[in-house]
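Notes for the one structure printed next.
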Ligand code: SF4
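In my numbering, the protein residues as written are 23 to 468.
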């Protein structure tokens, strides 16, 4: 056993891009570990390197190409997958020596390429994979991907071309994965897809058998079932289709977190029209107000694009004013990039000068920072449940770091928690909030 283990082929893995790509990486790694491959910490000494690329923006492509170049230099045997795999020629033009370029979600082709570069070991004793698979996130939270692809056609986005149309997983399959994660100690599920509220449309919301009962592949039904697992359930990439209002009731019941990640991208009607955003409607502010009345502690997170072609100063001011009224708790902004293949480049709308984009980006972030600081002040004096991400506390250690229900990992703020007793990652504790800054909260374990 020892000798065989020592000879197991080693794979070095680079995972770039969004949480959806991260889930793809986890699936590939789970399969490789199940086949007995070892994971290598660095490229040197690995038998093969897999680079899971991101092609969403040109800057992400540049980062992906740099990662491929570095892997070729350090190792030489490189398999490329992910979003850039949809445009094989671009990768091969830059790096003709890569072993294979496979499309996003084409797990079989990645595995085939790895098998060819470094044949799989044949030892069943090596097939030791944790029940929940290999996770790249800390043990206490996990991304749960409910569908692939997207049926929308936002003009700035090439994801549908890269990842194809919407393909939802049957509800029972998603729920079984969620159960496994819960059994493995996961405390928080982050539900992701390209368009979470469209879940099941391609399946015509067909039911599947889960624990002897039929569960429909519908956004609300799935959210309700996930809410029964007793975990924190956080919904990402939700579009404000009318049926989204229905999940608010689950938040009121405490079944899912009072959190919605809705990538609004803009607010000005003419820009939204040019972007061809799904579920765009003028009454969004009224809907948000109604949501907040129903769920007063609802946290809204969103992303916005500044400098979209044709965006006037009036459009941008409208966006800032809208942001103020909507009181979006957490927001990120991107400067528009004319990604090759995006239809927005051909709309005949004037491109925005880089310095104007930069200036609008700064104005956006200043506005957002002020809103965030103001909203966080309202939390001072409250006791909030906090999920600890980084251990700390006790006599000798610095404060632990965690997140309240309104904060997703990696993108939102954190809660710095002072405590007499040591706190471990994965603990959920009550914290008395004592102060705040622009993005974070500070408090003491109650
Ligand atoms: S909803 Fe729009 S931005 Fe999101 S993946 Fe689909 S096309 Fe792209």
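Cβ coordinates follow ideal geometry from the N, Cα and C atoms, glycine included.
Three-state class that DSSP yields for residue 90 in the structure shown: helix
Less than 6 angstroms separating the Cβ of residue 390 from some heavy atom of the ligand SF4? no
Quick one, which of 266, 286, 293 and 246 has its alpha-carbon nearest residue 272's? 246
Give the DSSP-derived three-state secondary structure of residue 306 in the structure shown. helix
If you count every other CB in all the chains shown that lies within 10 Å of the CB of residue 29, and 16 or more means buried, which is it? exposed
In this structure, how does DSSP classify residue 401 when only helix, strand and coil are distinguished? coil
Three-state secondary structure (DSSP) of residue 74: strand
Any heavy atom of the ligand SF4 closer than 6 angstroms to the CB of residue 331? no
Delimiting residues of the alpha helix (DSSP H) encompassing residue 450: Where residue 450 is concerned, there is no enclosing alpha helix (DSSP H), although the beta strand (DSSP E) it sits in stretches over 450-458.
Measuring only from the beta carbon, is residue 450 closer than 6 angstroms to any heavy atom that is part of the ligand SF4? no
If you reduce the DSSP assignment to three classes, tell me which class residue 95 lands in. helix
Flag this pair as yes or no: are the beta carbons of residue 358 and residue 326 separated by less than 7 angstroms? no
Tell me whether residue 174 counts as near the ligand SF4, meaning its Cβ is closer than 6 angstroms to at least one heavy atom of that ligand. yes
Between the Cα of residue 443 and those of 431, 65 and 468, spot the shortest distance and give me the residue it belongs to. 468
Closest by C-alpha distance to residue 169, when choosing among 408, 36, 192 and 300: 192
Measure how close the beta-carbons of residue 345 and residue 381 come, nearest whole angstrom, since I'm counting them as under 8 angstroms. Not really, about 16 angstroms apart at Cβ, beyond 8 angstroms.
So what's residue 132 in DSSP terms, helix, strand or just coil? helix
Mind checking which residues open and close the alpha helix (DSSP H) that includes residue 201? 193-205
Could you name the residues that DSSP lists as bridge partners for residue 439? 422 and 465
Is the beta carbon of residue 135 closer than 7 angstroms to that of residue 122? yes
Using CA atoms only, rank isn't needed, just tell me which of 350, 343, 340 and 286 is closest to residue 314. 350
On a Cα-Cα basis, can you pick out the residue from 288, 98, 105 and 68 that is closest to residue 47? 105
Let me confirm a value: residue 324 is counted as buried when at least 16 other C-beta atoms fall within 10 Å, else exposed. Which label applies? buried
Looking at the unbroken beta strand (DSSP E) that takes in residue 229, where does it start and where does it end? 229-232
Expressed to the nearest angstrom, what Euclidean distance is found between the alpha-carbon atoms of residue 70 and residue 50? 14 angstroms
Have a look at the DSSP bridge pairing and note the partners of residue 216. Bridge partners of residue 216: none, in fact.
Going by C-alpha distance, which of 343, 261, 275 and 355 is nearest residue 309? 261
Among the candidates 434, 432 and 454, whose CA atom is the shortest distance from the CA of residue 441? 454
Should residue 31 go down as buried or exposed, given a rule of 16 or more other Cβ atoms within 10 Å for buried? buried
Could you check where the alpha helix (DSSP H) with residue 64 kicks off and where it finishes? It is not in any alpha helix (DSSP H) - residue 64 carries neither H nor E in the DSSP assignment.
How should residue 57 be labelled, buried or exposed, when 16 other C-beta atoms within 10 angstroms of its C-beta is the threshold for buried? buried
Can you give the beta carbon distance from residue 401 to residue 320, rounded, assuming they're within the 8 angstroms contact cut? Contact flag wrong, Cβ pair sits at about 14 angstroms.
What do you reckon, is the C-beta of residue 179 under 6 angstroms from a heavy atom of the ligand SF4? yes
If you check the beta carbons only, do residue 200 and residue 212 fall under 7 angstroms apart? no
Under the assumption that residue 404 contacts residue 281 (Cβ atoms under 8 angstroms), give the Cβ distance between them as a whole number of angstroms. Not quite, the Cβ-Cβ distance comes to about 16 angstroms (not below 8 angstroms), so this is no contact.
Using a 10 Å radius around the Cβ and a threshold of 16 neighbouring Cβ atoms, would you call residue 299 buried or exposed? buried
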